[in-house]
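For the sequence shown, my numbering gives the first residue as 56, with consecutive numbering after it. From the three backbone atoms N, C-alpha and C, an ideal C-beta is built for every residue, glycine too. Note sheet for the following structure.
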Amino acid sequence: MFATEALKGAGCFDATVGTFEAAEDYLAAMQSIIVSPIVIVGLDAPVSFEVKEEVDPERRYNYGAIIRTNR
């Protein structure tokens, strides 16, 4: 399973998270050497909540706060 670009942005994921779109590109380039079927699943961003990046000034680190949205 991979996060889509929409989920990566909504979830405040950093650059180390691989995306569904990137996996599609990599697998398309390797289709001649991969002989077994592969199923990839892309998880889309949720509609009922979002993750907002917060900063703790005392400890000097960032964390994600889950905020409910009414879409």
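For residue i: DSSP bridge partner residues
i      : result
Leu98  : Ala58
Arg114 : Bridge partners of Arg114: none, in fact.
Glu109 : Tyr118
Phe104 : Arg123
Thr74  : Ala58
Own chain, CB closer than 6 Å to residue i, minus 5 neighbours either side, in chain order
i      : result
Ala65  : Ala100, Glu105
Asn117 : Glu108, Val110
Residue i vs residue j beta-carbon contact at 8 Å
i     : j     : result
Leu98 : Ala70 : no
Same chain only: Cβ atoms within 7 Å of residue i, ignoring 5 sequence neighbours per side
i     : result
Met56 : Val96, Leu98
Contacting residues, own chain, Cβ-Cβ under 8 Å from residue i (five flanking each side not counted)
i     : result
Ala61 : Asp99, Ala100
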